[in-house]
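Asker:
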Amino acid sequence: MLNNEIISNDTTIEAEVGSNRFKSKNAISNFKKRIITSVIFLIFLVFYISLGALYTLMGKTKDIEITAYFSFLITIVILVASQYEINKATKLDKWYVTGTIIFISLVIFLFPVNSNLYRNLSFYSYLNLSVWVQSWQLPLIIFLFFLIIVVYAALTANKNLKGALINFSTTLIIVLALKAFVIISLSRIDFNDTTIGRFSFNTVVWVWLIIILNDSFAYLGGMRFGKTKLAPKISPKKTWEGAAIGASVSFLFGLTYALVFYFCNQENKPLFEIMSSLGNKSTALEISMYVLLSIAFPFIGLYGDLLFSWVKRVFNIKDFSRLLPGHGGLLDRLDSILFSLFILFILVVVGSSVY
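Residue 354 is where the sequence shown ends in numbering that gives the first Met the number 0, and the numbering goes up by one at each step.
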C-alpha cells in the first residue's frame, strides 16, 4: 500500500513537472510570437505613416502622388479588416450584412466632409468639390446608415438591437478615425518650389507616441505600484496608480515633443495650420492648446482602450480576431489610437471651419 502511494505520488509529481515544462515552453513560444508580430507591425506602421510624410514634404517630386494612393489603399484595407472584426463581434456577420456595412463604411470614408477641408487632399483637389459637396451630405449618409442597421436588427428573429447600436457607434469611430488619418497625413499646402503638410503628418506621430508611452508606463506603473482597480469588470489589470503614472509620463513627453517642434521646426509642428492660426492671435493661446491636448490624449487613449474592452465583455469574446499572432485582432492593437484619431477628426473639422 505504501509503495503504491509512493509510486502514485511520484507519477503525480512527474505529471506536474511535465505540465509545467509544457506551460513554460508554451509561454516562451507565445512570447516569441508576440515579439515577432510586434516588430513586423511596428515596421508596417512606420512605413504607413512615412507615406504621408513623403507626399506632403516632397510634393514637387515626380510621381510622388503614388504614395498618397498607396496610403489610401492601406487605409481601406485596415478599414475593411476592422469592420469585419466588429461585425463578427456584434453578431452581424452574415455575408450580406457584412458586405452592406463595409460598403456603407467605405462610402462614409471616401465622401468629403466639406470642400474646404479636402481642397488640398490628393486626388480630391481635382474634383471641383465646391460645386457639388455640401456640409449636410455626409451627416445624411451617416443617418441613413443608422436607420438601415437599426431597421435590420428590428426585423431579424433575434432582435439584435444592442449589437446593431454598438456596431453603428464603433463603426462611426473607426471610419472617422481613419478619415482623420488620411486628412491629417495627406493634406498639403503647395508653394512654387516646395510643399508642406497642412496639418502635418507629425500630428499622427505625436499622438501615437503619447498613446504608446501612456500604455507602456501605465502597465509598468501598475505592476510596481498598482493597488486600486480602475475598471475591474472591463479591464481587471488596469489600476488608478498605473493610469496616473502613464498619464504623467506621456503628458510630459507630449508637451516636450510639441514644444520642440514649435520652437525648432514650425512647419512640422503638430496640427500645423490650426495651431498657427491660434498662434497668430496669441502665442500663449497656442502653447496652452498644446498643454491641454498633451493632458487630454492620454485619457482619451485610455477611454478608447476601455471602450473596446467593454465591447468584448458585452459579447463575451477575448479578442476581436486572430489576425495578429499573439496579439489578437487589429482592433485589439489599434483601439486607443483609433479613438484618439476620432477625437482628432472632430478637432480638425471644427478647426478648419473656424480658421
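For each residue, glycine too, the CB sits at the ideal point set by N, CA and C. In this text the structure is predicted, and so the values were computed from the model without any measurement.
Can you tell me whether DSSP reads T194 as helix, strand or coil?
Answerer: Reduced to three states, the DSSP call for T194 is strand.
Asker: Restricting to Cα atoms, I'd like to know which of K311, S186, S81 is closest to N267.
Answerer: It is S186 whose Cα lies nearest to the Cα of N267.
Asker: Is it the case that the Cβ atoms of L333 and L322 are separated by a distance below 8 Å?
Answerer: No.
Asker: Can you give me the C-alpha to C-alpha distance between T202 and T194, rounded to a whole angstrom?
Answerer: The straight-line gap from Cα to Cα measures roughly 17 Å.
Asker: If you draw a straight line from the C-alpha of V149 to the C-alpha of I342, how long is it?
Answerer: Cα to Cα, V149 sits roughly 25 Å from I342.
Asker: With a cut-off of 8 Å, do at least 3 Cβ pairs link the segment 99 to 107 to the segment 75 to 83?
Answerer: Yes, the segment 99 to 107 touches the segment 75 to 83.
Asker: DSSP has R187 in a bridge; who is on the other side?
Answerer: Paired residues: G196.
Asker: Taking 8 Å as the cut-off, does the segment 277 to 287 touch the segment 205 to 221 (at least 3 CB pairs, one atom from each stretch)?
Answerer: With a cut-off of 8 Å, the segment 277 to 287 and the segment 205 to 221 do not count as touching, because too few Cβ pairs lie within range.
Asker: For F344 and A176, which I take to be in contact (beta-carbon distance under 8 Å), what is that distance rounded to the nearest angstrom?
Answerer: So it is a contact: roughly 7 Å between Cβ atoms.
Asker: Assuming the contact rule is C-beta atoms closer than 8 Å, S308 and I233 should be a hit. Round their C-beta distance to whole Å, please.
Answerer: Contact holds; Cβ gap of about 5 Å.
Asker: By how many angstroms is the C-alpha of D189 removed from the C-alpha of F298?
Answerer: For F298 and D189, the distance between alpha carbons rounds to 35 Å.
Asker: Three-state secondary structure (DSSP) at L1?
Answerer: Its pLDDT being 40, under 50, L1 is placed unreliably by the model, and the measurement read from it follows with that caveat. In this structure, L1 counts as helix in the three-state DSSP scheme.
Asker: Relative to the C-alpha of P235, which residue among M222, A246, G196, G245 is closest?
Answerer: Nearest C-alpha to P235: M222.
Asker: So what's S308 in DSSP terms, helix, strand or just coil?
Answerer: DSSP places S308 in helix when its eight states are reduced to three.
Asker: What did DSSP end up calling S281 once you bin it into helix, strand or coil?
Answerer: Three-state result, S281: coil.
Asker: List the DSSP bridge partners of K228.
Answerer: Looking at the DSSP assignment, K228 forms a beta bridge with T238.
Asker: Can you tell me which of F271, N115, I244, L56 puts its alpha carbon nearest to the alpha carbon of A257?
Answerer: The residue with the shortest Cα to Cα distance from A257 is F271.
Asker: Taking I172 and F338 to be in contact with their CB atoms under 8 Å, please state how far apart those CB atoms are, rounded to whole angstroms.
Answerer: Confirmed, about 6 Å.
Asker: Is DSSP giving L292 helix, strand or coil here?
Answerer: In this structure, L292 counts as helix in the three-state DSSP scheme.
Asker: Given that a residue counts as buried once 16 or more other Cβ atoms are within 10 Å of its Cβ, and exposed if not, what is S281?
Answerer: By the 10 Å Cβ count, S281 comes out exposed.
Asker: Would you report the Cα separation of D192 and L128, rounded to the nearest angstrom?
Answerer: Spanning the two alpha carbons is a distance of roughly 25 Å.
Asker: What first and last residue would you give for the alpha helix (DSSP H) that runs through K87?
Answerer: Residues 64 to 88.
Asker: Does I39 pass the burial test, meaning 16 or more other C-beta atoms within 10 Å, or should it be called exposed?
Answerer: Burial call: exposed.
Asker: Going by beta-carbon coordinates alone, are N119 and R197 separated by less than 8 Å?
Answerer: Yes.
Asker: Rounded to a whole number of angstroms, what is the C-alpha to C-alpha distance between F260 and V204?
Answerer: For F260 and V204, the distance between alpha carbons rounds to 12 Å.
Asker: Measuring only the C-alpha atoms, how far is G51 from K61?
Answerer: Spanning the two alpha carbons is a distance of roughly 16 Å.
Asker: How would you label T89, buried or exposed, when you count the other beta carbons within 10 angstroms and need 16 or more for buried?
Answerer: Flag for T89 reads buried.
Asker: What separation, rounded to the nearest whole angstrom, lies between the Cα atoms of W135 and V348?
Answerer: Approximately 13 Å, taken between the alpha carbons.
Asker: What is the DSSP secondary structure of G58, reduced to helix, strand or coil?
Answerer: G58 falls in the coil class under three-state DSSP.
Asker: Terminal residues of the continuous alpha helix (DSSP H) containing G98?
Answerer: Residues 94 to 109.
Asker: For V132, which residues in the same chain have their Cβ closer than 7 Å to its Cβ, ignoring the five residues on either side in sequence?
Answerer: Cβ within range, chain order: P111, N113, S114.
Asker: Tell me, which residues are paired with L323 by DSSP?
Answerer: Bridge partners of L323: G327.
Asker: Do you know whose CA, among S49, K158, S247, lies nearest I63's CA?
Answerer: Checking every option, the nearest Cα to that of I63 belongs to S49.
Asker: Could you tell me which uninterrupted beta strand (DSSP E) segments, each at least 3 residues in length, are contained entirely in the segment 97 to 177, listed from first to last along the chain?
Answerer: Runs of the beta strand (DSSP E) inside the segment 97 to 177: none found.
Asker: Starting from the C-beta of S199, find all residues in its chain whose C-beta is less than 8 Å away, skip the five residues before and the five after it, and write them out in chain order.
Answerer: Same-chain partners within the cutoff: T55, I183, E266, N267, K268, P269, L270, F271.
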